[in-house]
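Student:
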Amino acid sequence: MASPPVVRFAPSPTGYLHIGGARTALYNWLYARGRGGRFVLRIEDSDQERSTPESEVAIFEGLRWLGLDWDEGPDVGGPHGPYRQSERLERYRQAADRLIAERKAYRCSCTAEDLARMRSASPDPRAFRYPGVCRDRAVPADVRHVVRFVMPATGTTGWDDLVKGRIEVANETLQDEVILRPNGLPLYNFGAVVDDVDMEIDHVIRGDDHVVNTPRQIQMFRALGRPEPRFAHLPMILGEDKKKLSKRTGTVSVLQYRDDGYLPHALVNFLARIGWSHGDQEIFTLGELVAKFDFDAVSASGGVWNAKKLDWLSSHWIRQTPVPGLADLVLPFLGSLGVADCPRERLEAAVALQRERAKTLKELASGIAFYFQRPLVLEAKAAEKTLDADALARVEALAQSLELVAPFDPGPIEAAVAEFLRSRGLELKAVAQAARVALTGRTQSPGLYDVMSVLGRDGTLARLRGARTAPRG
RNA sequence: GGCCCGUUCGUCUAACGGUUAGGACGCCGGCCUCUCACGCCGGUAAUACGAGUUCGAAUCUCGUACGGGUCACCA
10 MASPPVVRFA
20 PSPTGYLHIG
30 GARTALYNWL
40 YARGRGGRFV
50 LRIEDSDQER
60 STPESEVAIF
70 EGLRWLGLDW
80 DEGPDVGGPH
90 GPYRQSERLE
100 RYRQAADRLI
110 AERKAYRCSC
120 TAEDLARMRS
130 ASPDPRAFRY
140 PGVCRDRAVP
150 ADVRHVVRFV
160 MPATGTTGWD
170 DLVKGRIEVA
180 NETLQDEVIL
190 RPNGLPLYNF
200 GAVVDDVDME
210 IDHVIRGDDH
220 VVNTPRQIQM
230 FRALGRPEPR
240 FAHLPMILGE
250 DKKKLSKRTG
260 TVSVLQYRDD
270 GYLPHALVNF
280 LARIGWSHGD
290 QEIFTLGELV
300 AKFDFDAVSA
310 SGGVWNAKKL
320 DWLSSHWIRQ
330 TPVPGLADLV
340 LPFLGSLGVA
350 DCPRERLEAA
360 VALQRERAKT
370 LKELASGIAF
380 YFQRPLVLEA
390 KAAEKTLDAD
400 ALARVEALAQ
410 SLELVAPFDP
420 GPIEAAVAEF
430 LRSRGLELKA
440 VAQAARVALT
450 GRTQSPGLYD
460 VMSVLGRDGT
470 LARLRGARTA
480 PRG
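Under the working numbering, the first residue of the first sequence is numbered 10, with each subsequent residue one higher.
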């Protein structure tokens with residue numbers, strides 16, 4: 010019905026990209042991409058104390074890893090720049106001057122001490138609101154001052170939230186906020202509004218914690234003579250303890266999930282589904298998310314982070330990833346396990362087998378490392394349990410009967426093993442686990458014939474025969 | 001404490017006044033089977049509480065309880 014939306018993600022660069030921010034960014038991105046809109050990235054670094062360039066880079070990196078690209082932003086530019094608040098000071102000054110000229114804002118020379126005094130003298134210090142003592146004082150521009158916004162004292166301010174429905178707030182609960190510091194840096198509410206105006210943002214999609222800021226910002230939009238955007242306030246993501254998500258309750262850094270071996274799309278799928286739904290569907294491709302995402306199905310209540318479900322999604326998407334690409338992705342994780350030399354063909358064969366068995370790339374790597382490790386170190390407990398003298402003898406005899414198998418593929422191998430068992434009157438169970446431990450060093454692995462095939466004849470025979478003397482640890 | 005928001009299985013959620021309250025993750029059992037995983041089958045488990053409106057309420061209204069957000073010259 011309307012023209013394509015213009016949305017923004019506006020993090021403050023005071024740390025890494027965390028889970029909550031990532032979901033906010035994702036919902037903005039999905040909304041824009043699903044409707045041919047624009048996604049703007051703006052850096053809100055108006056707090057000089059806390060903002061760092063490193064954080065900005067980390068946020069870019071997190072967004073890029075998730076695949077959330079932006080149409081305008083500090084690094085790519087755009088027609089509404091600059092996109093860093095610290096570079097937009099002139100704009101805030103101009104806007105504030107205009108408001109002052111129109112008597113919609115004023116200079117205030119009250120000091121922090123003045124404020125503290127007034128607060129403690131008020132009947133209920135916790136409910137203290139700045140009483141506007143400088144409103145009519147005509148504080149000269151050359152005395153140290155902040156700029157305060159003239160907030161209406163009566164009436165109500167309300168909006169139809171895309172997620173929460175109608176919200177109304179009595180204006181008497183608002184106060185004359187500081188919008189500009191003495192050093193010219195804007196405060197959050199003002200900077201965001203001026204930027205949203207300049208950048209033509211028409212949908213503000215952000216966390217629940219901003220609901221209280223919305224009426225103030227609406228008043229500022231109106232004072233600047235601009236229509237306010239639509240607002241969508243996303244519920245919080247809670248930790249498994251149902252408290253606000255924090256480091257204490259689990260991993261909150263997006264890049265940490267990358268380093269832990271999660272596929273970015275698994276995280277995207279999970280993030281999309283925490284707080285939004287589409288009937289009974291759990292698995293979504295990116296294209297489906299873009300096509301189906303809308304606010305009518307965004308939940309109004311907070312959602313608890315469910316690491317197990319992320320794992321399930323992650324294992325699903327690992328199984329869906331084509332083997333060659335997956336092999337590329339697993340390489341760095343193999344490297345950090347000390348595996349450097351893995352022939353491409355065997356690597357891909359190993360990945361194809363292990364893909365069904367891994368929740369993360371990290372698990373995938375540790376699941377296939379045994380193919381490439383030399384010497385293979387047998388898990389002590391596994392070896393002790395399955396490789397007694399009889400078993401060792403059987404495993405060595407098995408090696409003997411595999412010597413002439415050709416080609417060394419699962420089918421022929423299985424036939425040779427069957428023949429071996431028949432000639433000795435054994436059941437597969439009698440040798441399988443011992444062979445498995447000899448070949449892989451552990452008690453769990455893909456099917457034996459598949460493992461042997463990947464290992465190749467030489468590798469297979471060497472491991473079966475070397476089990477007796479293989480290092481254990 | 002003021003203001004604002006929220007409340008369906010343990011968790012994510014479906015249901016948009018009429019369903020035996022559905023699905024998914026997890027968990028438990030079974031099948032498959034050389035182990036593990038995958039897959040398949042089955043099971044466990046929820047409308048916070050109380051009034052009201054209605055022929056009929058998880059759905060609408062009010063209250064209570066509980067939870068959360070926020071009260072900065074942070075964002």
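Quick reminder that beta carbons are idealized off the backbone N, C-alpha and C, glycines included.
Since the model is a prediction, treat every value here as computed from it, not as a measurement.
Once you ignore the five residues that flank residue 44 on each side, which residues in its own chain have a CB closer than 6 angstroms to its CB?
Tutor: Here the question's residue 44 lines up with position 35 in the first sequence. These residues qualify, in order along the chain: 13 and 14.
Student: Compute the Euclidean distance between the alpha carbons of residue 122 and residue 128, then round it to the nearest angstrom.
Tutor: Indexing the first sequence from 1 puts residue 122 at position 113. Indexing the first sequence from 1 puts residue 128 at position 119. Whole-angstrom Cα-Cα distance: 10 angstroms.
Student: Could you check if residue 33 is buried or exposed, using at least 16 other CB atoms within 10 Å of its CB as the buried criterion?
Tutor: Position 24 of the first sequence, counted from the start, is the residue given in the question as residue 33. Residue 33 is buried by the Cβ-count criterion.
Student: List, from N- to C-terminal side, the beta strand (DSSP E) runs of 3 residues or more that fit wholly inside the stretch 162-230.
Tutor: Here the runs fully enclosed are 165-170, 174-179, 187-189 and 212-216.
Student: Have a look at 48, 195 and 317 and flag the residue whose alpha-carbon is nearest the alpha-carbon of residue 103.
Tutor: Counted from its first residue, the first sequence places residue 103 at position 94. Comparing Cα positions, the closest option is 195.
Student: What distance in whole Å lies between the Cβ atoms of residue 71 and residue 263, which are believed to be in contact at a cut-off of 8 angstroms?
Tutor: Taking the first residue of the first sequence as position 1, residue 263 is located at position 254. Taking the first residue of the first sequence as position 1, residue 71 is located at position 62. 4 angstroms between Cβ atoms; contact.
Student: Would you mind listing the alpha helix (DSSP H) stretches within the stretch 346-430 that are 4+ residues and don't spill past its ends, in chain order?
Tutor: Listed in chain order, they are 353-363, 370-381, 389-395 and 398-411.
Student: Residue 10 to residue 148, Cα distance in whole Å?
Tutor: Locating residue 10 in the first sequence gives position 1, where the first residue counts as 1. Locating residue 148 in the first sequence gives position 139, where the first residue counts as 1. At residue 10, the pLDDT of 49 sits below 50, so the modelled position is not reliable; the number obtained from the coordinates is stated separately. Distance between the alpha carbons of residue 10 and residue 148: 48 angstroms.
Student: Does the structure place the stretch 247-260 close enough to the stretch 274-294 that three or more beta carbon pairs sit under 8 angstroms?
Tutor: Contact fails: fewer than three Cβ-Cβ distances are below 8 angstroms.
Student: Can you pull the DSSP bridge partners for residue 52?
Tutor: Position 43 of the first sequence, counting from 1, holds the residue named residue 52. DSSP lists 93 as partners of residue 52.
Student: In angstroms with no decimal places, state the Cα-to-Cα distance between residue 397 and residue 442.
Tutor: In the first sequence, counting from the first residue as 1, residue 397 sits at position 388. In the first sequence, counting from the first residue as 1, residue 442 sits at position 433. Using only the alpha carbons, I get a separation of about 12 angstroms.
Student: List the whole-angstrom C-beta distance separating residue 89 from residue 99, where the pair is believed to meet the contact cut-off of C-beta under 8 angstroms.
Tutor: Residue mapping note: residue 89 aligns to position 80 of the first sequence, counting from 1. Residue mapping note: residue 99 aligns to position 90 of the first sequence, counting from 1. Contact doesn't hold; Cβ gap of about 14 angstroms is too wide.
Student: Between the Cα of residue 319 and those of 267, 405, 253 and 227, spot the shortest distance and give me the residue it belongs to.
Tutor: Residue 319 sits at position 310 when you count from the first residue of the first sequence. If we check each option's Cα against that of residue 319, 267 comes out closest.
Student: Assuming residue 464 and residue 429 make a contact with CB atoms under 8 angstroms, what is their CB distance in whole Å?
Tutor: On the first sequence, residue 464 is found 455 positions in, with the first residue counted as 1. On the first sequence, residue 429 is found 420 positions in, with the first residue counted as 1. About 17 angstroms; that fails the 8 angstroms criterion.
Student: Expressed to the nearest angstrom, what Euclidean distance is found between the alpha-carbon atoms of residue 316 and residue 229?
Tutor: As a first step, residue 316 must be located in the first sequence, where it is residue number 307. As a first step, residue 229 must be located in the first sequence, where it is residue number 220. Each residue's alpha carbon lies about 41 angstroms from the other.
Student: Pull up the distance between the alpha-carbon of residue 482 and that of residue 446, whole angstroms please.
Tutor: The residue given as residue 482 occupies position 473 in the first sequence. The residue given as residue 446 occupies position 437 in the first sequence. The straight-line gap from Cα to Cα measures roughly 13 angstroms.
Student: Can you give me the Cβ contacts of residue 254 inside the same chain, cut-off strictly under 7 angstroms, excluding the 5 residues immediately before and after it?
Tutor: By one-based count along the first sequence, residue 254 stands at place 245. For residue 254, where only same-chain residues beyond five positions count, the Cβ hits under 7 angstroms are 28, 29, 246, 247, 248, 261 and 314.
Student: Do three or more CB pairs link the stretch 236-244 to the stretch 164-184 at distances below 8 angstroms?
Tutor: Yes, they touch.
Student: Determine the DSSP secondary structure at residue 57, reduced to helix, strand or coil.
Tutor: In the first sequence, the residue the question calls residue 57 occupies position 48. Here residue 57 sits in coil by DSSP.
Student: Please report the Cβ distance between residue 364 and residue 335, rounded to the nearest whole angstrom; I am assuming they are in contact, meaning their Cβ atoms lie under 8 angstroms.
Tutor: Reading the first sequence from its first residue, position 355 is the one you call residue 364. Reading the first sequence from its first residue, position 326 is the one you call residue 335. Between residue 335 and residue 364 the Cβ distance is about 6 angstroms, and since that is below 8 angstroms, they are a contact.
Student: Could you name the residues of the same chain whose beta carbon sits closer than 8 angstroms to that of residue 163, not counting the 5 residues immediately before and after it, in chain order?
Tutor: Residue mapping note: residue 163 aligns to position 154 of the first sequence, counting from 1. Taken in chain order, the residues that qualify are 180 and 181.
Student: Would the beta-carbon of residue 188 fall within 8 angstroms of that of residue 114?
Tutor: Within the first sequence, the letter at position 179 stands for residue 188. Within the first sequence, the letter at position 105 stands for residue 114. Closer than 8 angstroms, so yes.
Student: Residue 344 by DSSP, collapsed to three states: which one?
Tutor: Stepping through the first sequence from its first residue, residue 344 is reached at position 335. Helix at residue 344.
Student: Counting beta carbon pairs with one atom in the stretch 218-227 and one in the stretch 197-206, are three or more of them shorter than 8 angstroms?
Tutor: Yes, the stretch 197-206 is in contact with the stretch 218-227.
Student: Can you tell me whether DSSP reads residue 246 as helix, strand or coil?
Tutor: Taking the first residue of the first sequence as 1, we reach residue 246 at position 237. The answer is strand: DSSP assigns residue 246 an E or B state.
Student: I'd like the list of long-range same chain contacts for residue 39, defined as Cβ closer than 8 angstroms, with 5 residues on each side in sequence excluded.
Tutor: In the first sequence, the residue the question calls residue 39 occupies position 30. Same-chain partners within the cutoff: 281, 298, 299 and 302.
Student: Measure the alpha-carbon distance for residue 152 versus residue 158 and round it to whole angstroms.
Tutor: Here residue 152 is taken as the residue at index 143 of the first sequence, counted from 1. Here residue 158 is taken as the residue at index 149 of the first sequence, counted from 1. Distance between the alpha carbons of residue 152 and residue 158: 18 angstroms.
Student: According to DSSP, residue 66 sits in a beta bridge with which residue or residues?
Tutor: In the first sequence, residue 66 corresponds to position 57, counting from 1. Residue 66 pairs with nothing; no bridge assigned.
Student: Check whether the stretch 377-387 and the stretch 419-434 are in contact - that is, three or more C-beta pairs closer than 8 angstroms.
Tutor: No: the two stretches stay apart, fewer than three of their Cβ pairs being nearer than 8 angstroms.
Student: Contact defined as beta carbons within less than 8 angstroms: I believe residue 497 pairs with residue 269. What is the distance between those atoms, to the nearest angstrom?
Tutor: No information on residue 497 is available, as it lies outside the stretch 10 to 482 that the chain covers here.
Student: Mapping DSSP to helix, strand and coil, what is residue 290?
Tutor: Translated into the one-based positions of the first sequence, residue 290 becomes position 281. Correct three-state label for residue 290: strand.
Student: I need the straight-line Cα distance from residue 16 to residue 46, nearest angstrom please.
Tutor: Taking the first residue of the first sequence as position 1, residue 16 is located at position 7. Taking the first residue of the first sequence as position 1, residue 46 is located at position 37. Using only the alpha carbons, I get a separation of about 8 angstroms.
Student: Would you check if the stretch 453-461 and the stretch 408-422 touch, i.e. whether three or more CB-CB distances between them fall below 8 angstroms?
Tutor: Yes: the two stretches touch, three or more of their Cβ pairs being nearer than 8 angstroms.
Student: What residue does the alpha helix (DSSP H) around residue 525 start on, and which one ends it?
Tutor: The shown model of the chain, from 10 to 482, leaves out residue 525, and the question about it has no answer.
Student: How big is the Cα-Cα spacing for residue 355 and residue 375?
Tutor: If you number the first sequence from 1, residue 355 lands on position 346. If you number the first sequence from 1, residue 375 lands on position 366. Each residue's alpha carbon lies about 15 angstroms from the other.
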